[in-house]
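As structure tokens, the structure follows; a few thoughts come after it.
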Amino acid sequence: MQRHFDDLQLGSIELFCLAAECGSFTAAAQAASVTPAAVSRSVSRMEERLGVRLFARTTRSVKLTDSGRRYYEECSQALAQLVEAQREVMGQQQEPSGTLRISIPTTYAHHRILPLLPAFRARYPQVKVDMHISNRNIDFVGEGYDVAIRVRAIPDSGLIARHLEDAALVMVASPDYLKRAGTPQTLEDLEQHECIQYELPSSGRRITWLFYEEDAPREILAEGNFCCSDDVLGGVTLARHGAGLFQTYRFIVEKELADGSLIEVLKPYSGRSRPFTLLYPQNRHMPLRVRAFIDFLVEQLPH
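The sequence shown begins at 6 in our numbering and counts up by one.
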């Protein structure tokens with residue numbers, strides 16, 4: 006095999022990645038126990054060799070250029086694989102360890118994943134868990150995440166999608182609302198009701214409600230004067246306080262259905278669900294902490 010890098014070049018790549026992560030040559034130098042001038046010279050040599058500008062420099066900070074960001078994303082992933090391979094060979098990864106970075110939608114986090122994490126940590130005490138709880142799509146490589154959970158799989162050839170569960174949907178309303186507005190008996194009755202909307206933060210599109218009618222799937226874009234974006238729990242709270250009808254995941258409102266603060270309606274038309282998917286980058290040297298987390302979720306979550 007032909008050599009493509011010497012020791013100096015590999016060291017320069019590490020310093021470049023440190024500078025990109027720290028946003029400063031000085032901070033990168035402190036982290037690497039070298040001088041800021043050494044970091045600057047190292048990056049300059051890389052730029053000269055590559056023929057591109059990696060950083061836009063000012064007197065106070067450095068910022069990656071578009072070419073620099075693309076190069077950083079590839080280099081950081083390659084360095085992480087080298088570190089994991091070294092640990093594996095040295096026997097340091099017989100037990101999962103290190104920081105696991107996960108991105109989870111708000112509702113799935115609170116009702117599914119967060120309650121499981123203490124048991125995961127008890128099983129793997131050397132793993133630290135860093136959670137990003139939001140409905141925003143993340144950049145795996147650029148932001149350094151290991152896994153993400155999404156309602157729909159992202160069409161990205163660089164990601165592996167693993168099905169977690171089909172979460173059942175349910176239509177609910179408060180007893181006060183049903184007493185005031187009546188209980189819908191058919192899907193056509195929805196036109197006469199206040200239907201709480203949910204808007205996808207990524208696209209601004211209002212999601213349709215899903216039903217079965219005579220064993221055939223049907224989607225309805227209902228109308229209403231309330232609309233929530235980014236947080237499904239907002240629609241649940243509105244429904245619980247009499248604002249109207251709302252379709253949500255059954256696992257979110259199990260407690261309210263049990264205590265009667267919410268009532269299920271349109272039961273003959275129920276049965277639809279939405280899939281939750283686990284996403285992670287393709288990586289031949291997957292860290293044991295990531296593999297352990299994936300196996301743990303598949304074991305614990307309903308199927």
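Beta carbons are placed, not taken as given, at the ideal position from N, Cα and C, and that holds for glycine.
Remember, it's a predicted structure, so these values are computed and weren't measured experimentally.
Within 10 Å of its beta-carbon, does residue 208 have 16 or more other beta-carbons around it, so buried, or fewer, so exposed?
Reading the sequence shown from its first residue, position 203 is the one you call residue 208. Classification for residue 208: exposed.
Kindly give me the distance between the Cβ atoms of residue 217 and residue 274, rounded to whole angstroms, as I take these residues to be in contact under 8 Å.
For the purposes of this step, residue 217 is taken as the residue at position 212 of the sequence shown. For the purposes of this step, residue 274 is taken as the residue at position 269 of the sequence shown. Correct: roughly 6 Å between the Cβ atoms.
On the criterion of 16 or more Cβ atoms from any shown chain inside 10 Å, does residue 6 qualify as buried, or is it exposed?
By 1-based counting over the sequence shown, the position of residue 6 is 1. Because residue 6 sits at a pLDDT of 45, beneath the cut-off of 50, its placement in the model cannot be relied upon, and the following sentence gives the value as read from the coordinates. Exposed, since its Cβ has fewer than 16 Cβ neighbours within 10 Å.
Can you tell me whether residue 141 is buried or exposed, with buried defined as 16 or more other CB within 10 angstroms of its CB?
By one-based count along the sequence shown, residue 141 stands at place 136. It is exposed - the Cβ of residue 141 has fewer than 16 other Cβ atoms within 10 Å.
I need the DSSP call for residue 35, collapsed to helix, strand or coil.
Here residue 35 refers to the residue found at position 30 of the sequence shown. Here residue 35 sits in helix by DSSP.
Going by DSSP, which residues form a beta bridge with residue 216?
Here the question's residue 216 lines up with position 211 in the sequence shown. Paired residue(s): 223.
Determine whether the Cβ of residue 24 lies closer than 8 Å to any Cβ atom of chain B.
Absent from the structure: chain B. Only one protein chain is present.
Put residue 258 into one of helix, strand or coil per three-state DSSP.
By one-based count along the sequence shown, residue 258 stands at place 253. It is helical.
Just tell me which of 247, 175 and 221 has its CA closest to the CA of residue 186.
Residue numbering aside, residue 186 sits at position 181 when the sequence shown is read from its first letter. Of the candidates 247, 175 and 221, the one whose C-alpha sits nearest the C-alpha of residue 186 is 247.
Between which residues of its own chain and residue 170 is the CB-CB distance below 8 Å, once the five residues before and five after are set aside?
As a working note, residue 170 is residue 165 in the sequence shown. The residues are 280, 281, 306, 307 and 308.
Compare the Cα-Cα distances from residue 101 to each of 35, 292 and 302 and report the closest residue.
Start at 1 with the first residue of the sequence shown, and residue 101 comes out as number 96. Considering only alpha carbons, the answer is 292.
Taking the runs of the alpha helix (DSSP H) that are 4 residues or longer, which of them lie wholly in the stretch 260-304?
none
Which ranges does the alpha helix (DSSP H) cover as unbroken runs of at least 4 residues, wholly within the stretch 43-97, from first to last along the chain?
71-95
Quickly, what does DSSP pair residue 250 with across the bridge? List them, please.
By one-based count along the sequence shown, residue 250 stands at place 245. Note: residue 250 sits in a beta bridge opposite 200.
Where do the N-terminal and C-terminal ends of the beta strand (DSSP E) with residue 114 fall, by residue?
As a working mapping, residue 114 is identified with position 109 in the sequence shown. Unbroken run through residue 114: none, as it is neither H nor E.
Tell me whether residue 198 is buried or exposed, calling it buried when 16 or more other Cβ atoms sit within 10 Å of its Cβ.
As a first step, residue 198 must be located in the sequence shown, where it is residue number 193. Looking at its Cβ environment, which holds 16 or more other Cβ atoms inside 10 Å, residue 198 is buried.
Residue 299 to residue 104, Cα distance in whole Å?
In the sequence shown, counting from the first residue as 1, residue 299 sits at position 294. In the sequence shown, counting from the first residue as 1, residue 104 sits at position 99. Those two C-alpha atoms are separated by around 14 Å.
On the three-state DSSP scale, how would you describe residue 108?
The count along the sequence shown starts at 1 and reaches residue 108 at position 103. Strand.
Can residue 294 and residue 129 be called in contact, C-beta distance under 8 Å?
Stepping through the sequence shown from its first residue, residue 294 is reached at position 289. Stepping through the sequence shown from its first residue, residue 129 is reached at position 124. It is a contact, given that the beta carbons lie within the stated cut-off.
Sorted by chain position, which residues of the same chain lie with C-beta nearer than 7 Å to residue 116's C-beta, five sequence neighbours on each side aside?
Taking the first residue of the sequence shown as position 1, residue 116 is located at position 111. Excluding sequence neighbours, residue 116 sits near 256 and 257.
Span of the alpha helix (DSSP H) around residue 135
Position 130 of the sequence shown, counting from 1, holds the residue named residue 135. First-last for residue 135: 132-138, but that is the beta strand (DSSP E), not the alpha helix (DSSP H).
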